[in-house]
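Contents: one structure, followed by commentary.
Numbering (the UniProt record's numbering), first residue to last: 1 to 289.
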């Protein structure tokens with residue numbers, strides 16, 4: 001499981017442990033194997049009242065997961081596991097969090113990077129270019145090595161979620177940003193992007209997820225367009241492709257989504273798109289008048 005997923009699971013279990021113990025215990029201090037149906041049912045009802053549907057589903061999945069691990073380790077009889085996890089489904093869908101950026105906002109972000117002529121400004125322009133221009137996840141940007149980029153073809157080998165590789169295709173503008181950064185970075189294998197210390201020297205290690213988020217936060221503040229996240233740039237990439245009429249299956253593959261339903265969450269085209277789509281159908285008819 002990726003670092004971000006592990007952190008999310010721990011946060012979920014800490015929240016549930018806090019509810020069960022009235023704030024006394026965290027996930028590590030909770031004896032999960034002793035939970036029974038009356039406990040998990042109370043958790044489920046609390047989650048439904050407190051959280052949006054998607055969040056409640058995620059936390060409930062974390063609870064089911066830890067109970068299943070207790071059974072696998074011989075700490076919980078299967079009959080107790082079956083009863084404890086036999087919970088009613090959480091219904092409803094949450095509105096997707098975050099936002100898609102407009103073209104003027106994107107331009108202001110790139111302008112903010114370009115105004116900074118230091119190595120950090122050149123680096124950050126390339127980072128924003130990959131987050132938006134290829135729709136990469138934050139972890140995918142962090143994991144990139146220089147050897148993953150083919151500057152001749154403009155192809156990037158992406159280390160996708162769940163260790164699933166895919167190819168990303170860089171626009172000419174993204175290639176210009178990347179090439180400019182690599183000229184500053186210098187030749188040599190290793191991380192595509194690294195932090196830069198106060199003295200202007202390039203660190204040898206990779207960004208942390210929090211470190212990359214701070215890069216985006218800084219450039220958002222300089223652009224004066226309000227806050228946005230790394231994932232909002234990815235969201236903008238997906239949304240703009242769908243708005244441009246690219247089919248859902250192709251967008252799914254470009255985004256590296258396991259399920260096409262995940263890609264569909266970003267589709268905001270609405271009823272007008274459906275009306276236009278129907279008009280494309282060729283209907284052979286006879287004159288019925």
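All C-beta atoms, glycine included, are put in the ideal place defined by N, C-alpha and C.
Rounded to whole angstroms, how far is the Cβ of residue i from the Cβ of residue j, which I believe are closer than 8 Å?
{"i": "residue 26", "j": "residue 17", "result": "5 Å"}
{"i": "residue 228", "j": "residue 135", "result": "No, residue 228 and residue 135 are not in contact; Cβ-Cβ is about 14 Å, not under 8 Å."}
{"i": "residue 83", "j": "residue 37", "result": "5 Å"}
{"i": "residue 184", "j": "residue 119", "result": "5 Å"}
{"i": "residue 145", "j": "residue 191", "result": "6 Å"}
{"i": "residue 100", "j": "residue 235", "result": "5 Å"}
Going by the CB atoms, is the gap between residue j and residue i shorter than 8 Å?
{"i": "residue 98", "j": "residue 232", "result": "yes"}
{"i": "residue 248", "j": "residue 260", "result": "yes"}
{"i": "residue 195", "j": "residue 138", "result": "no"}
{"i": "residue 43", "j": "residue 90", "result": "no"}
{"i": "residue 108", "j": "residue 225", "result": "yes"}
{"i": "residue 111", "j": "residue 215", "result": "no"}
{"i": "residue 133", "j": "residue 180", "result": "no"}
{"i": "residue 143", "j": "residue 189", "result": "no"}
{"i": "residue 141", "j": "residue 127", "result": "yes"}
{"i": "residue 63", "j": "residue 40", "result": "yes"}
{"i": "residue 87", "j": "residue 60", "result": "yes"}
{"i": "residue 230", "j": "residue 254", "result": "no"}
{"i": "residue 113", "j": "residue 219", "result": "yes"}
{"i": "residue 151", "j": "residue 92", "result": "no"}
{"i": "residue 67", "j": "residue 85", "result": "yes"}
When burial is assigned at 16 or more other CB atoms within 10 Å of the CB, is residue i buried or exposed?
{"i": "residue 78", "result": "exposed"}
{"i": "residue 282", "result": "exposed"}
{"i": "residue 278", "result": "exposed"}
{"i": "residue 275", "result": "exposed"}
{"i": "residue 251", "result": "buried"}
{"i": "residue 256", "result": "buried"}
{"i": "residue 186", "result": "exposed"}
{"i": "residue 168", "result": "buried"}
{"i": "residue 153", "result": "exposed"}
{"i": "residue 73", "result": "exposed"}
{"i": "residue 175", "result": "buried"}
{"i": "residue 221", "result": "exposed"}
{"i": "residue 160", "result": "buried"}
{"i": "residue 158", "result": "buried"}
{"i": "residue 45", "result": "exposed"}
{"i": "residue 240", "result": "buried"}
What are the start and end residues of the alpha helix (DSSP H) that includes residue i?
{"i": "residue 159", "result": "Note, residue 159: premise wrong, no alpha helix (DSSP H); beta strand (DSSP E) at 155 to 159."}
{"i": "residue 264", "result": "260 to 264"}
{"i": "residue 177", "result": "172 to 185"}
For residue i, is the beta carbon positioned less than 7 Å from some heavy atom of the ligand SAH?
{"i": "residue 247", "result": "Among the components of this structure there are no ligands whatsoever, and the ligand SAH is therefore not found."}
What are the boundary residues of the beta strand (DSSP E) that residue i is part of?
{"i": "residue 168", "result": "165 to 169"}
Secondary structure, beta strand (DSSP E): runs of 3+ residues fully inside the segment 198 to 254: none
3-residue-minimum beta strand (DSSP E) runs that sit fully inside the segment 64 to 151, ordered along the chain: none
Beta strand (DSSP E) runs contained entirely in the segment 6 to 57, provided each spans 3 or more residues: none
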